[in-house]
Amino acid sequence: MFTESRQRSFLDTAVLSRLSGFPLYARRPMQGTVSGRHPSPHRGSSIEFAEYRKYVPGDDPRRIDWRAYGRSDRHFVKEFEADTNLRLCLVVDTSGSMDYGSKGTTKLEYARKIAAALGYLAIQQGDAVGLACMARGIVRDIPPRRNPSHLMNVFDVLEGIVPSGPSQIPDVLHELAETLSQRALVVIVSDLFIEPELLSSGFQHLRFRKHDVAVFHLLDPQELAFDFRRPMRFLDMEGGPALFADPSEIAERYHASLERYLSGLKQVLLESAVDYHKVAIDEDYEQVLVRFLIGRTRTRGVR
Amino acid sequence: MSFLEPIMLAALPLASLPFIIHLINQRRYQTVRWGAMMFLLEANRMYRGYARLRQILIMVMRILAIAALIFAISRPLAGGWLGVAAGGKADATIVILDRSPSMRDAPAGRERGKLDTAVARLIPTLETLGSTRYVLIDSDTRSPRPFEKPADLARMPEVGPSSASADLPALLQAAYDYVTTNQLGRTELWILSDLRENDWNSDSGRWRALREAFAQRGQAVRFHLLAYTEGDPENLRLRVQSVRRRKAGDGSELLVSIKVERDRATEGKRAVPVQFEIEGARSQATLELEGTASELKDHAIPLEKGRDRGWGRVAIPADSNPADNEYYFTFEKAPTRRTVVVSDDPVGTRPLALAASISPDPGVVLESEVIPPAQLASVDWSTLSLLVWSAPVPEGETARLIEAFLGRGGTAIFLPPAGGEGGAFLGVKYGPWSDRPGEIAVESWRGDEDLLAASQSGRSLPVGELVVKRYRTLTGEFTPLASLKGGAALLARPATAAGAAYFLATTPTPSDSTLGSGGVVLYVLVQRAIEQGARAQGGARQLVAGVGAVDSSEWNRIAGGNDALSTDFRNQAGVYGAGDLLYAVNRSLPEDSTRLIADSRLSELFQGLDFSRVDEQAGRLGSLIEEIWRMFLVSMIGAMTAEAVLCLPNRARPARGAAA
Chain A
5 MFTESRQRSF LDTAVLSRLS GFPLYARRPM QGTVSGRHPS PHRGSSIEFA EYRKYVPGDD
65 PRRIDWRAYG RSDRHFVKEF EADTNLRLCL VVDTSGSMDY GSKGTTKLEY ARKIAAALGY
125 LAIQQGDAVG LACMARGIVR DIPPRRNPSH LMNVFDVLEG IVPSGPSQIP DVLHELAETL
185 SQRALVVIVS DLFIEPELLS SGFQHLRFRK HDVAVFHLLD PQELAFDFRR PMRFLDMEGG
245 PALFADPSEI AERYHASLER YLSGLKQVLL ESAVDYHKVA IDEDYEQVLV RFLIGRTRTR
305 GVR
Chain B
47 MSFLEPIMLA ALPLASLPFI IHLINQRRYQ TVRWGAMMFL LEANRMYRGY ARLRQILIMV
107 MRILAIAALI FAISRPLAGG WLGVAAGGKA DATIVILDRS PSMRDAPAGR ERGKLDTAVA
167 RLIPTLETLG STRYVLIDSD TRSPRPFEKP ADLARMPEVG PSSASADLPA LLQAAYDYVT
227 TNQLGRTELW ILSDLRENDW NSDSGRWRAL REAFAQRGQA VRFHLLAYTE GDPENLRLRV
287 QSVRRRKAGD GSELLVSIKV ERDRATEGKR AVPVQFEIEG ARSQATLELE GTASELKDHA
347 IPLEKGRDRG WGRVAIPADS NPADNEYYFT FEKAPTRRTV VVSDDPVGTR PLALAASISP
407 DPGVVLESEV IPPAQLASVD WSTLSLLVWS APVPEGETAR LIEAFLGRGG TAIFLPPAGG
467 EGGAFLGVKY GPWSDRPGEI AVESWRGDED LLAASQSGRS LPVGELVVKR YRTLTGEFTP
527 LASLKGGAAL LARPATAAGA AYFLATTPTP SDSTLGSGGV VLYVLVQRAI EQGARAQGGA
587 RQLVAGVGAV DSSEWNRIAG GNDALSTDFR NQAGVYGAGD LLYAVNRSLP EDSTRLIADS
647 RLSELFQGLD FSRVDEQAGR LGSLIEEIWR MFLVSMIGAM TAEAVLCLPN RARPARGAAA
């Protein structure tokens, strides 16, 4: 598939080959342009029977089911389900906070791996892949295409991302909902450092547009544990004011705040039917993706 | 609050260590780029109110714990004695003890008197404070007496009650002498007294000298006054005014006059039972006490036949101060009271001789003779009551004879010699005759005591009617009993260890004054002088406790005297016998005065000195100060416990569960 032998840090061919055994399914019918392996809301020419319908003038007489005519003395047309491809829209958070990583790898690097692997899997099964990089807004946008060479463009953009600025996720979600013309699988890879209540309307908007939304919520282990020992001066990676604090004095309240945020976010995403995956970036991303793919296999969308 | 180891307080700044460590920790911060600022900001907003208060409390508890530890090892003392022991152990502790009768007072029905209480309170205090050496100076002996440890103080006979008045200036002088003689370093001087003016003599010129002497030693001597000023105004004081023996029919009887006083009058009369004891035989009478004082005049007590001499005791029921409820006296058939007038001018001194020979009491026989100075050797001094000296100022052997006579308790009146300057006798010297013409009136005289005192009914003597035409100026150290206009002394009394000497500035001759022609004043003056001198005559004598250089080591106790040592009998009220002599010892008259030294005056006496005072009450026991380091240790433990409790986490960290 790769036409050039360029090594990319976020691609591990061994992982990709192992993941290629898992299909990437959408949880709801997609509207693709070509035939694929995903259910379509329309009738088509697959081998899966859908229903009988009365013959009306204009229908192809070859589609009349003569056995049914023999049993009922009426003309019926036999219809089959349509299979189509999906449009995978990868949304990667490139705000300043994604550059944080306490265990040797940053959240952005982790996001690159997940996005690249999913893009690879989608292209491999004939789906279209697009990429949107969001920070203050959508800073880079590659529309979905199913051409394998298009994947190189996606990888190039992923490789060239420079994290900076604050994240305006709610605005980006609304913009995506408006700009994605057809149903798509929207995969958001972000730390989502924003009040859950503000995210709610964006996800509801995507759901209204019948997009299948999945979220990889990346969190650094240090952000979860917050076990600093000495007084620290915290510099905001998204350009906000610095804060001096003694972790021993405020750790308790930090954890309380984090817990409140996580439960609130979970509630919002549940209400918006978002496929939510909280990921600590010291986890193996292959396992994360396997869980994601298997989960989608179980909940494969009905027509 | 004061401390036994104040040097340890220098470590007090260590209490700020927790705060300093906190500041250092704040300085040792690291900078980190952080993404999850929204949680930090929210946590920081929440870190207010109780959480911040808790952190402050933790800090305060840590500081308190260290401070309490430092205070504990500084050995703090509880009590009102500011700065009592700053600087650690004293080189010497001198206890000045006022043992006067008023210190036996136990007002408001308390069990223990002021003296007992003061000693009991002082002992544990001294044990707490510690000292290299301890010295007691009591008001009777007035000499420093070292003792090993504070507990020994309770067993020393020198801390018992006495009937003698105290002389605080003399006691402080003894203390100063001891301090200078022994070259003492830091000295703690404790004064235990009830602040009676009679004992303190605040008008004495010795105070100024003492204050300056102690001030020169700087802060090396520190004064602590334990003042027991509380008094009982209902306390009754008994005093025998006079005791006379007279013939009554075949036998004789005693006429005893007593006076009972108190400070506060109550409504109506109060019957005070008075018990008389004559040679062990007791009788009782009742005195109707009205107002603040009442007298029982000439209460007659018949004597057994042949009883020419003896002793007696008068007592009233016990009240707050047992020391003034008894009075002792002796009596005897009055001996002939002899007066010798030594003069070269028998005519001029005739009024004196006459006044000395007319007895005011039929039971008392008076004799007087006029002799020239040359016959002085023939005088029987042992039977002499009064010596009137109208000759050149005595010198040499003559002077020694007269001084010995005074030392035995005799009385002498000196008249100005006709001519010559002469030398000084007893520190008093006659100047030249006055050359002011005309008559000079008497301007002032002491009507409250001594020879010119008012009569018992309160009438003053007609001293003001006297006219002086010539007089000789008196110079030297003396107490003027009467002064002429212009300030010259008419009658002066120099200080003598025993007996009494009086110097008249004029003579009774008509050319010099109306003393002889006026009659009454001269007669009273001479009779009182004879009475005074006669006290030292005969075998029954009245003594004032602590006054006069009397050796009591050979005395035998007959009545009273408690458990005092024989050497101390002269300071204890009672009746004592020594050979043919009978001595009745009682407290002094000024001791009955309850006037206290004013606070402002007391402050003046110790002005410029390191002086602290605490007012105490009789009956209050326990140490004046207590070590309270335990309290601080408990405080420290409390602070550490509180700090530990405050540091306990409220609950398990929830975010770890969320991360899992």
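So the sequences go chain by chain: A and B. Numbering follows the working numbering, with no gaps: position 231 of the first sequence is 235. Numbering follows the working numbering, with no gaps: position 218 of the second sequence is 264. Backbone N, C-alpha and C fix where the C-beta goes; we use that ideal spot for every residue, glycine too. The model shown is predicted, which means the values in this text are computed figures rather than measured ones.
Which residues mark the beginning and the end of the alpha helix (DSSP H) in which residue i is found?
| i | result |
| --- | --- |
| B:H345 | Not the alpha helix (DSSP H): B:H345 falls in the beta strand (DSSP E), residues 339-349. |
| A:A260 | 251-275 |
| B:R396 | 396-401 |
| A:W70 | 70-76 |
| B:Q578 | 566-580 |
| B:T687 | 675-693 |
| B:P64 | 63-73 |
| A:F159 | 152-163 |
| A:S204 | 200-212 |
| B:W707 | Residue numbering for chain B in the displayed model covers 47 to 706; residue 707 of chain B lies beyond these limits and cannot be assessed. |
Going straight from the alpha carbon of residue i to that of residue j, what length do you get?
| i | j | result |
| --- | --- | --- |
| B:F377 | B:G533 | 42 Å |
| B:T332 | B:K293 | 24 Å |
| A:A132 | B:L99 | 59 Å |
| A:M236 | A:D250 | 6 Å |
| B:L611 | B:L628 | 18 Å |
| B:V225 | B:R191 | 13 Å |
| B:L498 | B:V566 | 11 Å |
| B:P363 | B:L284 | 10 Å |
| A:G299 | A:V217 | 14 Å |
| A:L15 | A:L90 | 23 Å |
| B:I604 | B:S529 | 44 Å |
| A:G164 | B:V78 | 25 Å |
| B:L218 | B:D614 | 21 Å |
| B:L86 | A:Y258 | 6 Å |
| A:V166 | A:T98 | 7 Å |
| A:Q226 | A:S106 | 6 Å |
| B:P147 | B:A644 | 20 Å |
| B:A132 | B:D184 | Caution applies to B:A132, whose pLDDT of 48 falls short of 50 and renders its modelled position unreliable; the value that the coordinates give is listed next. Their backbone Cα atoms lie some 26 Å apart in a straight line. |
| A:P245 | B:M83 | 9 Å |
| B:V393 | B:L271 | 60 Å |
Just the chain B side, please: which residues come within less than 8 Å of residue i by C-beta, in chain order?
| i | result |
| --- | --- |
| A:Y265 | M84, F85 |
| A:T269 | As written in the sequence, residue 269 of chain A is Leu, which differs from the Thr given in the question. The premise fails here: A:L269 is roughly 11 Å from chain B at the closest Cβ pair, so nothing lies under 8 Å. |
List the residues of chain A that residue i touches, going by C-beta distances under 8 Å, in chain order.
| i | result |
| --- | --- |
| B:R74 | R234, P235 |
To which residues does DSSP link residue i through a beta bridge?
| i | result |
| --- | --- |
| B:R355 | B:E378 |
| B:N602 | B:G623 |
| A:M138 | A:D97, A:I142 |
| B:E299 | B:R292, B:P348 |
| A:H281 | A:F220 |
| A:Y56 | A:K82 |
Determine the chain A residues that contact residue i at a beta-carbon separation under 7 Å, and present them in chain order.
| i | result |
| --- | --- |
| B:Q101 | E253 |
Beta strand (DSSP E) containing residue i: first to last residue?
| i | result |
| --- | --- |
| B:T178 | 177-184 |
| B:Y222 | Not the beta strand (DSSP E): B:Y222 falls in the alpha helix (DSSP H), residues 214-227. |
| B:Q330 | 327-335 |
So which residues of chain B does residue i contact, with C-beta pairs closer than 7 Å?
| i | result |
| --- | --- |
| A:A249 | L86, N90 |
| A:F238 | V78, W80, M83, L86 |
| A:G244 | M83 |
| A:E113 | Residues of chain B passing the Cβ test: none, with the nearest at roughly 14 Å. |
| A:R140 | Here the premise fails: no neighbours, minimum Cβ distance about 16 Å. |
Can you pull the chain B neighbours of residue i, defined as C-beta to C-beta under 9 Å?
| i | result |
| --- | --- |
| A:D195 | G81, A82 |
| A:E83 | The contacting residues do not exist; A:E83 stays about 50 Å from chain B at best. |
| A:R295 | Within chain B, no residue comes near A:R295; the closest Cβ sits about 16 Å away, beyond 9 Å. |
| A:M241 | R79, W80, G81, M83 |
| A:Y56 | The premise fails here: A:Y56 is roughly 53 Å from chain B at the closest Cβ pair, so nothing lies under 9 Å. |
| A:R67 | The contacting residues do not exist; A:R67 stays about 57 Å from chain B at best. |
Positions along the region 76-95 of chain B whose CB lies within less than 8 Å of some CB in chain A: Correct list: Q76, T77, V78, R79, W80, G81, A82, M83, M84, F85, L86, L87, E88, A89, N90, M92, Y93.
Beta carbons nearer than 7 Å to chain A: which residues of the region 221-237 of chain B have them? When C-beta distances to chain A are compared with 7 Å, every residue of the region 221-237 of chain B stays at or above that value.
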